[in-house]
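If you read the sequence shown in my numbering, its first letter stands for residue 10, the second for the next number, and so on.
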Amino acid sequence: LEGRDGGHVEGHNVYGMQMNRAGFDALGKYWGNPGEEGRKPHPSTALETDSSRGEVISRSPERQTKGQDAETKERKRPWIVSRSGWVGNQRYAWNWTGDSESSWAAMRMTVGQVLNMGLSGQPFTGPDIGGFSGEPGAELFVRWFQMAAFMPFFRVHSAKGTSPREPWVYGEEVLGICREFMKLRERLMPYLYTLAWEASQTGAPVCRPLFWLEDPLTPQPPLPAGEGERLPSPRGRRVGDEGELWGVDEVFLLGNALLIAPVLELGAKLKRIPLTSDRWYNFWRDDVLDDSDFVESRVTLDRIPVLVRGGSILPMAEGGGLTLHVYPDREGRASGVVYSDAGEGYGAWRVDRFVWEDGTLRKEEEGEFEWMWGEVRVEVHGVS
């Protein structure tokens, strides 16, 4: 498979046939690491006449993940993560940002990596929390954990020979902070799952650069023919000089509703956050931010700034049911989407689109999957 006496054999099929079928039927998950041939050169027999060695090496992991997908998808919707990839790899596998060092510089670089991966067609990615090589201090670990809680790929992982990296190793304070952000991520799962569906349908990244809100043509999943008109969604435009937001990589969007401002410096007390011309809400306190190019937010170890874009309906799993958090824009309108299915397989699904206008919530639904939320609460923010 890695070019050793492989010739022109269809490597992805061979690879898929060798997998542990019983294990995949039970778990439906696979981690391909490393995936690429990093130690020995490919023999000449592995090279096609019109391909370079580099192209063969790059395509090898894509063939592997394709084989894993083909061998499992008939029985279970697989979850595959691969360190390596090629154009088209996003059809089969998630990736992560590689073996980064445990440093503030590497953590800051992670934001740009995840954003650029998303813009390059790979929406499902994220870092090794705390970095892979090195010994992160407690503050660096906490800040990395908080940031990654809002990214698709979320895990703590490190190299052999490094110190234990579990949150409880750093003491009760760090453990408590990490626990709260894990709980928040679970509460956001209806929103995250919907973003994953949108990415699979349109290619729109899960984590987006701030300039994404400049584009009035942000793709939306298509409605089946004859299923009615698209409900309106909030749009915003940038402020400031032409192209000002194109260089912003110290904050990122989670979908179009949340702005995440990770703390990227040791001992930071303030975080300066660039904004678009939308109305924004402080996620933690509900403060309304209007007509600001920037906001300076005080930061503490237990929190990072998180803002909600006006015009959004944010679905969250709370109290055993679903809460629709409504954040009206300046005109008093908001909209949001919730996608649901069984969580595995390729059976029934449903899409529920919500619009808040004139103090009334209306819903448009499609699909045959049964509504899975027993209790639904509506919480309107920014009103007295």
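Every residue gets a Cβ at the ideal spot worked out from N, C-alpha and C, and that includes glycine.
Candidates the options, of which the one nearest residue i by Cα
i, options, result
"Arg100", "Lys280, Leu331, Trp206 and Pro314", "Trp206"
"Val360", "Ser109, Leu204 and Phe159", "Leu204"
"Gly121", "Ser109, Val308, Pro218 and Trp88", "Pro218"
"Phe292", "Leu316, Gly130, Ala277 and Phe303", "Leu316"
"Ser129", "Arg307, Val96 and Val178", "Val96"
"Leu201", "Leu222, Ile186 and Leu262", "Leu262"
"Val123", "Asp258, Glu274 and Gly185", "Asp258"
"Met126", "Trp221, Glu374 and Asn104", "Asn104"
"Leu279", "Leu298, Val308 and Arg294", "Val308"
"Thr267", "Gly276, Glu274, Thr285 and Ala114", "Note on residue identity: the sequence assigns Leu, not Thr, to residue 267. Residue Thr285 is the option with its Cα nearest to Leu267."
"Gly276", "Val90, Ser91 and Trp113", "Trp113"
"Arg342", "Glu327, Cys216 and Ile322", "Ile322"
"Arg281", "Ile269, Ser306, Asp367 and Leu193", "Ser306"
"Lys192", "Glu374, Glu375, Glu327 and Glu373", "Glu327"
Distance, residue j Cα to residue i Cα
i, j, result
"Arg196", "Gly256", "31 Å"
"Asn265", "Met325", "15 Å"
"Asp287", "Tyr336", "12 Å"
"Tyr290", "Gly170", "44 Å"
"Trp88", "Phe162", "12 Å"
"His334", "Glu388", "5 Å"
"Glu340", "Leu331", "25 Å"
"Ser109", "Ala213", "26 Å"
"Val304", "Leu254", "15 Å"
"Leu310", "Glu377", "45 Å"
"Met160", "Phe220", "18 Å"
"Met381", "Gly356", "15 Å"
"Trp177", "Gly185", "9 Å"
"Ala147", "Val183", "7 Å"
"Arg188", "Gly143", "23 Å"
"Arg145", "Met118", "The sequence given here places Pro at residue 145; Arg does not occur at that position. Between Pro145 and Met118, the C-alpha separation is close to 16 Å."
"Asp300", "Met198", "31 Å"
"Asn98", "Glu384", "39 Å"
"Thr2", "Glu223", "Coverage of the chain is limited to positions 10 through 393, which leaves residue 2 absent and any answer about it impossible."
"Arg294", "His390", "10 Å"
"Glu366", "Glu181", "45 Å"
"Glu274", "Val90", "30 Å"
"Leu298", "Val260", "17 Å"
"Gly329", "Glu373", "23 Å"
Residues near residue i in its chain [Cβ-Cβ closer than 6 Å; skip 5 each side]
i, result
"Arg152", "Val272"
"His166", "Asp137"
"Pro283", "Val257 and Phe303"
"Ser349", "Arg359, Phe378 and Met381"
"Gly140", "Ser109, Glu110, Ser111 and Ala115"
"Val215", "Pro132, Pro161, Leu204 and Ala208"
"Gly319", "Asp287, Arg288, Tyr336 and Asp338"
"Val346", "Thr203 and Arg362"
"Gly354", "Arg86"
"Arg194", "Ala158"
Burial state of residue i (16 or more Cβ within 10 Å)
i, result
"Asp296", "exposed"
"Arg362", "buried"
"Ser344", "buried"
"Asp338", "buried"
"Ala208", "buried"
"Val392", "exposed"
"Pro173", "exposed"
"Thr369", "exposed"
"Met116", "buried"
"Gly352", "exposed"
"Arg386", "exposed"
"Arg371", "exposed"
Close Cβ partners of residue i (< 7 Å) along its chain, the five nearest in sequence each way excluded
i, result
"Gln155", "Phe190, Pro271 and Ile313"
"Ala157", "Gly135, Pro136, Ile138 and Phe163"
Proximity test, residue i beta-carbon vs the ligand ADP heavy atom, cut-off 8 Å
i, result
"Glu274", "Absence of the ligand ADP from the depicted structure is noted, as is the absence of any ligand whatsoever, leaving it without description."
Own chain, CB closer than 8 Å to residue i, minus 5 neighbours either side, in chain order
i, result
"Tyr179", "Ala147, Phe150 and Val151"
"Glu175", "Val165"
task = Quick one: which unbroken beta strand (DSSP E) runs of 3-plus residues sit fully inside the stretch 291-360? Chain order, please.
result = Counting only runs of 3 or more, we get 303-307, 315-318, 321-327, 330-336 and 343-350.
ask   = Considering only residues of the stretch 248-293, which uninterrupted beta strand (DSSP E) runs meet the minimum length of 3 residues and lie entirely inside it, listed in chain order?
value = If we require 3 residues or more, the beta strand (DSSP E) runs fully inside the stretch 248-293 come out as 261-263, 267-269, 279-283 and 289-291.
ask   = At which residue ranges does the stretch 141-173 contain complete beta strand (DSSP E) runs of 3 or more residues, listed in the order of the chain?
value = Within the stretch 141-173, not a single complete beta strand (DSSP E) segment reaches 3 residues in length.
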